[in-house]
Amino acid sequence: MRPVAVIGAGMTKFGRSEWPLLKLMNVASLAALRDANLGDVKVDGVVVANMGAARLNKQTALASALADSLNLLPAMAESVENGPASGASAFKIGYQAIASRMADVVLVTGVEMMRAVNNLEATDFVASLTHPEAEYIYGVTLPALAGMFARLYMERYGITREHLAMVAIKNHANAMKNPYAHIHQTVTMEGILTAPEAVVNNPPIAEPLHMFDCCPVSDGAAAVVLATQEIAEKLGRPIVRVAGIGQATDTHAVHERPDPTELTAVRLAAQRAFAMAGLSAQDIDVAELHDAFTILEIAESEEVGFFKKGEGHKALAAGVTSLVGKLPINPSGGLKAKGHPVGATGVAQLVELTWQLRGEAGERQVESAKNAFACNFGGFGNNVVATVLTREG
Amino acid sequence: MGNVDELEALLRPPELEMPPYPPKVITLASGEKMVVRQIDREEVPTLLEAIYPLLWVERDYYDIVSARLFGELLAYKRYRVKNEYVLVGLIDGVLAGMVNGHLVDEKVGMSYHTMTIRRGLRVGSHLFAAKMEYHMEFLNQEEVLIVAESPIGFRRWMIEYPLQKKYEVPHELGGGPSWVLTKKTYLAAKPRLVSGSRPVPPELLAGAQTIVLPEEETVKAQVLGGKGGGK
Amino acid sequence: MDEKVYGARCKDCGKETYPVHARCPECGSEALEPIEITGEGKVLTYTDLYALPLDYERRYLRLAIVELDSGLRATGQLLDEKPKIGKRVKTTIGVVRQSGDRKIHGLRFVPV
């Protein structure tokens, strides 16, 4: 397997889009291609990450459409669906194509247009990833699974609603510095938790999770260009190398997991990614974790090895994971405030980390970031892809 | 030919006694304070200016709500609707949203519209609840008739309060079947749906004396949730 | 209505699972027989879900993961005014979702 680098990154603003799906993909892809500055070098493959276009937008075969639209014919092309982990999976497949010498340059674009349908439809669509007989028929949705997980987790480790609010406050503050974020709105502890008005400001969604514990429904696209180390070296800028990728699956029905507070697939995916990279969690300078729900940022920070089990909320409270802390988590604003167009998220995490490693993250810049980590959480933790990126030179 | 003043009096619906809405202040999720107060007729032109650009925004039914609200505001100003009121939400004096309604008789109120300008902070929920609070607690009514243009928005209130069907009463807004919020349901829902404190601290109240309009671009950006999908 | 919920028992190693897998998760055998998911157990965790998907017109839905005395776990609706982690419940079968005219039956847990 030969080394692979990220040589281009770009994304659209997440939020509510008036554009057709193809245009959303085009804009992000063109931004990444421009950034890659390929010149005469050809793109050999296109991988598109998307979960719901067939249902939400009545479109399929997105990668073929994109390859044509961008004049990349006759490049290889396919779409990848791995629920909310589609982005990192598409990245992994692009990586594999280059590492195995089947391609030299691959464009990976993640896209989702969730606001094409109303909220009820969008909720139901995401709920389609739950177990059809053992979960879906009961009205179980992803927030419901997160709510049940949160209740148990909070009780076992002494996490309070205040800790969850800290995640939201931090990520909203970070997103204020991210021009691509869906939500540009500061929130305060008073406004979302302690004031009497909080009961209206922050209503329950799936108790104990409330509105500000859950990410928004967003449209958006993000893209990266992957290439060989050789091509990367010619570009005269710091090389962002794909150091490791790890993936693991877990039970479909959440109730079948031996310990329902453990995110085993997160732990295994991270272990595999670190093993491949020859690094440990302690080597990471900046991370993007999948905070579809605030509780998940805390839980994942422990499972991937940044903090001991049950200590994640303490690190959060101590400011360790803030933008100016020792290990900033979700400098982009996370899914919570940057937004979560499902298929685009995994790629957007890696776009942010690429910028961080290159020193191009503007006001969100984490000082001297050399090793970066992303966790993309599919299903409710039954399919997780972890990625480690390293800056060279 | 009759006296113009006499004709004017005939064209104005008879007015019931209507105590004013006492202003309150609400702490929003952002930590900002929103003053909720009633307007008087002189402030109508300012509100018309605010909603004018929304008359052609199809998304989320802003066009029909703006159009009907525009007419209702003018009708209020020109004394052509019985006992109409308009409440506004102001953040640092800047318009965040408005609601209106009127009295059918002593016991029955009718909700007209809810328009949110500043999105993402549940301004609409706060203002709708303020309307219900006005009818039930300050105007001493027994029930409020409600209908809406947006099915998704309406479904939320229908389920949240909850509202009851009163299909036999055609709602003024188009004649469709009405739903009703009863005093009993209002009081039960109050702890989780109505909030804010009184009196409003003097400096906040002073800052809410004049309605300041947000920039038109800001209004459009808020209402549309961001221009297009790009940067 | 005699609608039941079924898990599986492996005829080779005896392992019971719910939901049903194509092969026994313990020994890999495809020799599986249906077993009824029924009985008493305790609430492992629960949530009140307010943001409901299609097909539901209520303010919230109470859902739970229950661990039955048999050791098997199941997800279902919880009909209990005072839910608590660890509280004893038992399974009943009822309509859990209505999609248009189609009534779907499943597990509804009630306090013992």
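Chains as they are written, first to last, in the working numbering: chain A, 675 to 1067; chain B, 809 to 1039; chain C, 209 to 320. Ideal placement from N, C-alpha and C gives every residue a C-beta, glycine not left out. Being a predicted model, the structure only gives us computed values, none of them experimental.
Can you name, in chain order, every residue of its own chain whose Cβ lies under 6 Å from the Cβ of residue i, other than the five neighbours on each side?
i	result
A:Val-814	Thr-804
A:Gln-1023	Glu-962 and Ala-1048
A:Gly-986	Ile-972, Ser-975 and Glu-976
B:Val-912	Met-918
B:Tyr-942	Tyr-829
Might you give, ordered along the chain, the residues of its own chain that have their beta carbon closer than 8 Å to the beta carbon of residue i, omitting 5 neighbours on each side?
i	result
A:Ile-629	Lying before the first or after the last residue shown, residue 629 of chain A is absent from chain A, which here runs from 675 to 1067.
B:Lys-1035	No answer about B:Lys-1035 holds up, because its pLDDT of 33 lies below 50 and its placement is not dependable.
C:Tyr-254	Arg-270, Leu-271, Ala-272, Ile-273, Leu-286, Pro-291 and Ile-293
B:Gly-984	Val-955 and Pro-978
C:Tyr-268	Asp-256, Leu-257, Tyr-258 and Leu-260
A:Gly-984	Arg-830, Tyr-831, Gly-832 and Glu-976
B:Gly-1037	Residue confidence for B:Gly-1037 is low, a pLDDT of 29 falling below 50, so the modelled location carries little weight; the figure read from the coordinates is stated next. Cβ within range, chain order: n/a, list empty.
Residues of chain C with CB closer than 8 Å to the CB of residue i, please, in chain order.
i	result
B:Pro-1007	Within 8 Å Cβ-Cβ: nothing; B:Pro-1007 doesn't reach chain C, min ~33 Å.
B:Pro-970	Arg-267
A:Glu-673	Residue 673 of chain A is absent from the model: chain A starts at 675 and stops at 1067.
A:Ile-879	Leu-257, Tyr-258 and Ala-259
Listing by chain order, which chain C residues have their CB less than 7 Å from the CB of residue i?
i	result
A:Ala-818	Thr-255, Leu-257 and Leu-271
A:Ile-833	The contacting residues do not exist; A:Ile-833 stays about 14 Å from chain C at best.
Name, please, each residue of chain C whose Cβ falls closer than 9 Å to the Cβ of residue i.
i	result
A:Arg-825	Thr-253, Tyr-254, Thr-255 and Ile-293
A:Ala-706	By Cβ distance, chain C contributes nothing, its closest Cβ being about 34 Å from A:Ala-706, past 9 Å.
Between which two residues does the alpha helix (DSSP H) holding residue i run?
i	result
A:Ala-1011	1008-1012
B:Val-833	Unbroken run through B:Val-833 is the beta strand (DSSP E), 832-835; no alpha helix (DSSP H).
A:Phe-823	816-831
A:Leu-1063	Note, A:Leu-1063: premise wrong, no alpha helix (DSSP H); beta strand (DSSP E) at 1057-1066.
A:Pro-878	Careful: A:Pro-878 lies outside any alpha helix (DSSP H), inside the beta strand (DSSP E) at 878-880.
A:His-987	986-991
A:Leu-740	736-743
A:Asn-700	695-710
A:Phe-799	793-801
A:Leu-1024	1016-1032
Terminal residues of the continuous beta strand (DSSP E) containing residue i?
i	result
A:Tyr-810	From DSSP, A:Tyr-810 is part of no beta strand (DSSP E); its letter is neither H nor E.
B:Pro-978	972-978
A:His-856	Taken as a continuous stretch (DSSP letters only), A:His-856 belongs to no beta strand (DSSP E), as it is neither H nor E.
A:Asp-893	893-902
A:Ile-843	Not the beta strand (DSSP E): A:Ile-843 falls in the alpha helix (DSSP H), residues 835-849.
C:Ala-216	214-218
C:Gly-249	248-257
C:Gly-284	281-286
B:Pro-853	Element bounds for B:Pro-853: not the beta strand (DSSP E) but the alpha helix (DSSP H), 852-859.
What does residue i touch in chain B if you count any residue whose Cβ is under 7 Å from its own?
i	result
C:Glu-265	Ile-967
A:Asn-793	Ile-960
A:Pro-870	Ser-1003
Note down, in chain order, each residue of its chain lying with its Cβ closer than 7 Å to the Cβ of residue i, except the 5 sequence neighbours on either side.
i	result
C:Met-209	Note that C:Met-209 scores a pLDDT of 49, beneath 50, so its modelled location is shaky; the value from the coordinates is reported in the next line. Taken in chain order, the residues that qualify are His-313.
A:Glu-1037	Lys-851
A:Tyr-827	Ile-833, Thr-935, Ile-969 and Ala-973
A:Arg-775	Arg-676
B:Pro-821	Val-889 and Lys-890
A:Ala-683	Ala-706, Asp-709, Val-898, Val-1025, Thr-1028 and Trp-1029
A:Thr-923	Ala-939, Asn-1056 and Asn-1057
Along chain A, which residues have their Cβ under 7 Å away from the Cβ of residue i?
i	result
B:Ala-837	Val-861, Gly-865, Ile-866, Asn-875, Asn-876 and Phe-886
B:His-934	Val-874
B:Arg-1000	Val-873
C:Glu-314	According to the sequence displayed, residue 314 of chain C carries Gly and not Glu. Within chain A, the residues near C:Gly-314 are Ile-811 and Tyr-812.
B:Arg-834	For clarity, residue 834 of chain B is Ile in the given sequence; the question names Arg instead. Within 7 Å Cβ-Cβ: Glu-871.
Which whole-angstrom value is the C-beta distance of residue i and residue j, which I expect to be below 8 Å?
i	j	result
C:Lys-223	C:Glu-234	4 Å
A:Gly-1008	B:Ala-837	Wrong, their Cβ atoms sit about 17 Å apart, outside the cutoff.
A:Leu-1031	A:Val-914	5 Å
B:Glu-951	B:Leu-989	7 Å
A:Ile-857	A:Gly-1013	7 Å
A:Leu-900	A:Gly-768	5 Å
Does the Cβ of residue i lie closer than 6 Å to at least one heavy atom of the ligand SAM?
i	result
A:Thr-686	With respect to the ligand SAM, the structure offers nothing, as it holds no ligand at all.
Whose Cβ in chain A lies nearer than 9 Å to the Cβ of residue i?
i	result
C:Val-328	Past the edges of chain C, shown from 209 to 320, lies residue 328 of chain C, and the structure says nothing about it.
C:Leu-260	Leu-794, Thr-797, Gly-813 and Thr-815
Within 7 Å (strictly less), CB to CB, does residue i reach chain E?
i	result
C:Leu-286	The displayed structure is made up of protein chains A, B and C, and chain E is not among them.
Listing by chain order, which chain A residues have their CB less than 8 Å from the CB of residue i?
i	result
B:Gly-928	Ile-857 and Gln-859
C:Ile-301	Per Cβ cutoff of 8 Å: no residues; C:Ile-301 is ~12 Å from chain A at best.
Whole runs of the beta strand (DSSP E) within the region 861-943 of chain B, excluding any shorter than 3 residues: 892-899, 902-911 and 916-924
What residue ranges within the region 747-787 of chain A form continuous beta strand (DSSP E) runs of no fewer than 3 residues, ordered along the chain? 750-754 and 779-787
Going along the chain, which unbroken runs of the beta strand (DSSP E) with 3 or more residues stay wholly within the region 904-962 of chain A? Correct list: 913-923 and 960-962.
Going residue by residue through the region 945-1019 of chain B, where are the continuous beta strand (DSSP E) segments of at least 3 residues, counting only ones entirely within it? 951-954, 972-978 and 985-990
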